[in-house]
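Taking it in order: structure first as structure tokens, then the write-up.
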Amino acid sequence: IHKLLRLLESGNERCIGCGLCEKICIANCIRIDTKIDENGRKIPTEYTINFGRCIFCGYCAEVCPELAIVHGPDYENASDQRAHYALKEDMLTPIDKLTEQKEYPGFGAPTPEADKLIKKTPLAY
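Those letters in the sequence shown? Residues 2 to 126, by my numbering.
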């Protein structure tokens with residue numbers, strides 16, 4: 002997952018609002034709005050990534066001159082071709098490797114019977 006970094010010494014955004022990440026994005030999922038601050042420096046006012054479109058190719062992280070955007074540890078499914086995103090079981094992260102996304106009964110997790118119901122329901126193609 003993408004992360005925007007800050008400068009350690011000052012806490013300011015590393016992003017200089019150059020827009021290279023937005024221009025290089027082949028999925029067209031990055032939008033950045035900027036303004037000029039009181040010091041005459043261009044700063045981002047809004048930086049959005051549409052994760053429904055993002056293909057995690059990493060071009061945005063590679064092109065950034067300030068190393069402001071990086072990819073986190075969940076990068077195993079990256080590809081630059083949209084056809085690779087027809088999800089298959091072998092592409093899913095094993096549940097024992099997930100630390101932040103474990104579900105518990107009563108908190109949105111499906112019941113054990115839900116799996117049987119899904120397997121019985123044919124897809125209409």
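Glycine is no exception: its CB is placed at the ideal position from the N, C-alpha and C atoms.
How big is the Cα-Cα spacing for His-72 and Glu-39? Distance between the alpha carbons of His-72 and Glu-39 is about 31 Å.
For Glu-23, which three-state DSSP category applies? Of the three classes helix, strand and coil, the one that applies to Glu-23 here is helix, per DSSP.
Could you compute how far the alpha carbon of Asn-29 sits from the alpha carbon of Phe-57? Taken atom to atom, the span from the alpha-carbon of Asn-29 to that of Phe-57 is near 12 Å.
Grab me the residues of Ala-62's own chain with a C-beta within less than 7 Å of its C-beta, minus the 5 sequence neighbours each way, in chain order. If the five residues before and after Ala-62 are omitted, its C-beta is found closer than 7 Å to the C-beta atoms of Ile-70, Val-71 and His-72, all from its own chain and listed in chain order.
Need the endpoints of the alpha helix (DSSP H) that Glu-63 sits in, please. For Glu-63, the enclosing alpha helix (DSSP H) stretches over residues 60-64.
Between Glu-47, Phe-52 and Ile-27, which has its C-alpha nearest Glu-14's C-alpha? With distances taken between Cα atoms, Glu-14 lies closest to Glu-47.
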